[in-house]
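Enquirer:
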Amino acid sequence: MLQETINNKLFPKEVIATPEWVAKHPKLLKNLPKSIRLNLVTFPVLEAALTTSTPDGVACLLDKACLPKLKHKPHFVLALDRLQDPGNVGTLFRTALAADIDILWLALGADPCNQKVLRSSAGAVFQLPFLRWSDSVEKSVEQLADNLRISAKDDYQVVGTYPYRGSDGNEVLPYWNIDWLKPTVLVLGNEGDGLHPRIKDCCTHYVTLPHSQAVESLNVASSAVPLLLERRRAKMTTYMNKNGEQSKF
């Protein structure tokens, strides 16, 4: 994780490490500016300071102000409606980065700066802008809903997700029947409750991921992979059809 911060030129204020870790990673420490303070601690002290159960022997303190900011109008937004599991949120950051998503919007749920989210994102949080509303559930849901309504008025397709064979009376399409090359906000719902009714009402389209009836449903982070990478596939196909180049990916 420290290597990822260096790669993205997000230098920490302070590095806390065990002597054993420092002895194994001298080259990594040489890449840090001399102004960064290095504090040596024992492993029990480091373990007590972190929420992760098996720390690697190093931790660093970063200013949130150094996290990436959106520099242009987004073409594709991933919105997360109250996702609670840090592993899911971290995995979604990583998948979103792989799919060239411009920004994540989060209504409450797990904080991207949570240690478990950072680890499961494999550093993607350091590369992908995000906006998180962290008031009460009602306020954060309403803030996300406001942004979805504004997006719809601005000609974005706001795509909500449904479990396979669930619709609540709305027309639900297989995910491949959506034109993912259009300006889009893809909305994923809470692990247990799905999309909040107010969020659902803001969607202009609804999609599902058809799968075998051998399973009742899919994990939200797993189901997001084909949805997000379908856009990547469409972009690549359009590029190759236009340029006649089959070898560029």
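Under the numbering used here, the first residue of the sequence shown is numbered 24, with each subsequent residue one higher. Idealized CB from N, CA, C, for every residue including glycine.
1. Quickly, what does DSSP pair residue 100 with across the bridge? List them, please.
2. Taking the alpha-carbon positions, what's the residue 46 to residue 157 distance?
3. Provide the residue(s) that pair with residue 156 in DSSP beta bridges, ordered along the chain.
4. Give the secondary structure of residue 39 by DSSP, where H, G and I count as helix, E and B as strand, and everything else as coil.
5. Please confirm if the stretch 195-210 is in contact with the stretch 169-186, defined as three or more CB-CB distances below 8 Å between the two stretches.
6. So what's residue 62 in DSSP terms, helix, strand or just coil?
7. Which whole-angstrom value is the C-beta distance of residue 103 and residue 127, which I expect to be below 8 Å?
8. My output table needs one value for residue 109: the three-state DSSP class, helix, strand or coil.
9. On a Cα-Cα basis, can you pick out the residue from 225, 245 and 224 that is closest to residue 234?
10. Give the DSSP-derived three-state secondary structure of residue 229 in the structure shown.
11. Less than 7 Å between the C-beta atoms of residue 106 and residue 150, yes or no?
12. Consult DSSP for residue 180 and reduce its assignment to one of helix, strand or coil.
13. Can you find at least 3 beta carbon pairs, one from the stretch 249-258 and one from the stretch 130-140, that sit closer than 8 Å?
14. For a quick check, are the C-beta atoms of residue 231 and residue 211 less than 7 Å apart?
15. In angstroms, rounded to a whole number, what distance separates the CA positions of residue 258 and residue 122?
16. Buried or exposed: where does residue 109 fall if 16 or more other Cβ atoms within 10 Å of its Cβ makes it buried?
17. For residue 217, write down the residues that DSSP places opposite it in a beta bridge.
18. Indicate whether the contact test is met: 3 or more Cβ pairs, each with one atom in the stretch 30-50 and one in the stretch 79-90, closer than 8 Å.
19. Where does residue 249 sit, in a helix, a strand or coil, going by DSSP?
20. Give the secondary structure of residue 237 by DSSP, where H, G and I count as helix, E and B as strand, and everything else as coil.
21. Is it true that the CB of residue 117 sits closer than 7 Å to the CB of residue 145?
22. Quick one: what does DSSP say residue 197 is sitting in, helix, strand or coil?
23. Just to confirm, are residue 160 and residue 140 a CB contact at a threshold of 7 Å?
24. Taking the alpha-carbon positions, what's the residue 86 to residue 28 distance?
Expert: In this structure, then:
1. In the DSSP assignment, residue 100 forms a beta bridge with 126 and 208.
2. Residue 157 has its alpha-carbon roughly 40 Å from the corresponding atom of residue 46.
3. Note: residue 156 sits in a beta bridge opposite 130.
4. The DSSP-derived three-state label of residue 39 is strand.
5. A contact exists between the stretch 195-210 and the stretch 169-186.
6. For residue 62, the secondary structure class from DSSP, reduced to helix, strand or coil, is strand.
7. Sure, about 7 Å apart at Cβ, within 8 Å.
8. Three-state result, residue 109: helix.
9. Of all alpha-carbon atoms in 225, 245 and 224, the one lying nearest the alpha-carbon of residue 234 is that of 245.
10. Here residue 229 sits in strand by DSSP.
11. No.
12. In the structure shown, residue 180 sits in a strand (DSSP, three-state: E or B).
13. No: fewer than three Cβ pairs fall under 8 Å.
14. Between residue 231 and residue 211, the gap from beta carbon to beta carbon reaches 7 Å or more.
15. Cα-Cα distance, rounded: 10 Å.
16. Under the 10 Å beta carbon count, residue 109 is surrounded by 16 or more other beta carbons and is classified as buried.
17. Its beta-bridge partners are 213.
18. Verdict: yes, contact present.
19. Under the three-state reduction of DSSP, residue 249 is assigned to helix.
20. The answer is coil: DSSP assigns residue 237 none of H, G, I, E or B.
21. Result yes, Cβ atoms of residue 145 and residue 117 sit closer than 7 Å.
22. Residue 197 falls in the strand class under three-state DSSP.
23. For the 7 Å CB-CB criterion, residue 160 and residue 140 do not form a contact.
24. If you draw a straight line from the Cα of residue 86 to the Cα of residue 28, it comes to about 12 Å.
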